[in-house]
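What follows is a single structure, written as structure tokens, with notes after it.
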Amino acid sequence: MFRNPTSRAQILTAVDAQQCFMIDYRSSSSHFSLPASNGASHIGDNVNGNNNGSSTSPAEVAGLFVINYQDPFDERLWKGFVEDWKDALYLHRLVLQKPFQGVGLTPRIFEFVEQKVRDAGRHYLRLDCLAGNAPLRRLYAEKCRGKGKGGLKELGTIDVPEWQLEFARFEIQVVPRA
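Heads up, the sequence shown is in our numbering, so the first residue is 475 and it goes up one at a time.
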């Protein structure tokens with residue numbers, strides 16, 4: 475099920491397709507950076523209240539995530555379960571280093587990805603996690619989008635016998651259907 479890329483080209487393809495995103499943190503100014511939709515740098519809110527965008531310190535990686543547009547993994551979990559599994563962006567591999575957990579990055583990531591859904595002309599943001607990970611399921615269902623916005627709707631679980639794994643599926647409709 476899991477494998478290392480067999481070539482540098484496979485890694486670069488994902489980067490070139492703008493599917494992989496790193497979250498930078500600059501310690502001297504407490505700024506987090508997420509890329510803008512057009513690929514330009516976007517400086518996020520300063521965790522200490524200063525948002526002037528200037529910093530000369532080197533960035534460290536606070537976290538990363540991947541967005542898939544159409545992927546065999548997503549097809550396996552969603553095709554036949556929803557009307558159009560291709561009408562979504564799929565958020566995967568969201569990881570934040572411990573010092574950056576609980577400081578408000580997750581809602582900003584979801585806001586960024588929801589904009590990518592709009593930019594791609596899709597209607598849904600979907601994600602999954604291992605069904606046995608109760609804390610992560612709670613985060614996704616209750617508060618991943620930030621205070622007052624709630625979470626994503628959990629749509630049940632799917633058992634994948636060939637992988638010997640069970641996944642919980644989540645979605646939110648970002649763009650209403652006409």
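For every residue, glycine included, the Cβ atom is placed at its ideal position computed from N, Cα and C.
Nearest CA to the CA of aspartate 633: which residue from Lys621, Glu557, Arg550 and Ala615?
Your numbering for residue 633 matches position 159 in the sequence shown. It is Arg550.
Per-residue DSSP class, three states only, for phenylalanine 555
As a working note, residue 555 is residue 81 in the sequence shown. Phenylalanine 555 falls in the coil class under three-state DSSP.
Measure the C-alpha to C-alpha separation of glycine 578 and glutamate 585 and round it to an integer number of angstroms.
To locate residue 578, count along the sequence shown from 1; it is residue 104. To locate residue 585, count along the sequence shown from 1; it is residue 111. One C-alpha to the other measures close to 11 Å.
Mind reading off the beta-carbon distance from glutamate 645 to lysine 627? Whole number of angstroms is fine, and I expect it under 8 Å.
Residue 645 sits at position 171 when you count from the first residue of the sequence shown. Residue 627 sits at position 153 when you count from the first residue of the sequence shown. That belief holds up - the Cβ atoms of glutamate 645 and lysine 627 are roughly 6 Å apart, short of 8 Å.
Exposed or buried, alanine 536, counting other C-beta atoms within 10 Å across all chains shown (16 or more means buried)?
Stepping through the sequence shown from its first residue, residue 536 is reached at position 62. By the neighbour-count rule (16 or more Cβ atoms within 10 Å), alanine 536 is buried.
Look at the alpha carbon of leucine 563 and the alpha carbon of isoleucine 583, and state the distance between them as a whole number of angstroms.
The residue given as residue 563 occupies position 89 in the sequence shown. The residue given as residue 583 occupies position 109 in the sequence shown. Approximately 13 Å between the Cα atoms of the pair.
Taking the alpha-carbon positions, what's the arginine 592 to leucine 629 distance?
The residue labelled residue 592 in the question sits at position 118 within the sequence shown. The residue labelled residue 629 in the question sits at position 155 within the sequence shown. Distance between the alpha carbons of arginine 592 and leucine 629: 22 Å.
Minimum C-alpha distance to phenylalanine 547 - residue among Ala533, Glu557 and Arg567:
On the sequence shown, position 73 is the one that residue 547 refers to. Of the listed residues, the one whose Cα sits closest to phenylalanine 547 is Arg567.
DSSP state of alanine 536 mapped onto helix, strand, coil
In the sequence shown, counting from the first residue as 1, residue 536 sits at position 62. Here alanine 536 sits in strand by DSSP.
To the nearest angstrom, how far is it from the Cα of arginine 651 to the Cα of lysine 590?
Taking the sequence shown and counting its residues from 1, one reaches residue 651 at position 177. Taking the sequence shown and counting its residues from 1, one reaches residue 590 at position 116. Those two C-alpha atoms are separated by around 17 Å.
Cα-Cα separation, asparagine 542 to glutamine 493
Residue mapping note: residue 542 aligns to position 68 of the sequence shown, counting from 1. Residue mapping note: residue 493 aligns to position 19 of the sequence shown, counting from 1. Distance between the alpha carbons of asparagine 542 and glutamine 493 is about 6 Å.
Considering only the beta carbon of each residue, do leucine 436 and leucine 604 sit closer than 8 Å?
Outside the displayed range of the chain (475 to 652) lies residue 436, so it cannot be described from this structure.
Hey, tyrosine 598 and valine 540 are a contact pair by Cβ (cut 8 Å); roughly how many whole angstroms apart?
Along the sequence shown, one-based indexing puts residue 598 at 124. Along the sequence shown, one-based indexing puts residue 540 at 66. With 8 Å as the limit, tyrosine 598 and valine 540 do not qualify as a contact, their Cβ atoms being about 17 Å apart.
For aspartate 602, which option in Arg619, Gly620, Phe574 and Thr631 has the closest C-alpha, if you only look at C-alpha atoms?
For the purposes of this step, residue 602 is taken as residue 128 along the sequence shown, with counting starting at 1. For aspartate 602, the nearest C-alpha among the options comes from Thr631.
At which residues does the alpha helix (DSSP H) containing tyrosine 614 begin and terminate?
Translated into positions along the sequence shown, residue 614 becomes position 140. Residues 608-616.
Cβ of arginine 611 within 8 Å of Cβ of aspartate 561?
Looking up residue 611 in the sequence shown gives position 137. Looking up residue 561 in the sequence shown gives position 87. Not closer than 8 Å, so no.
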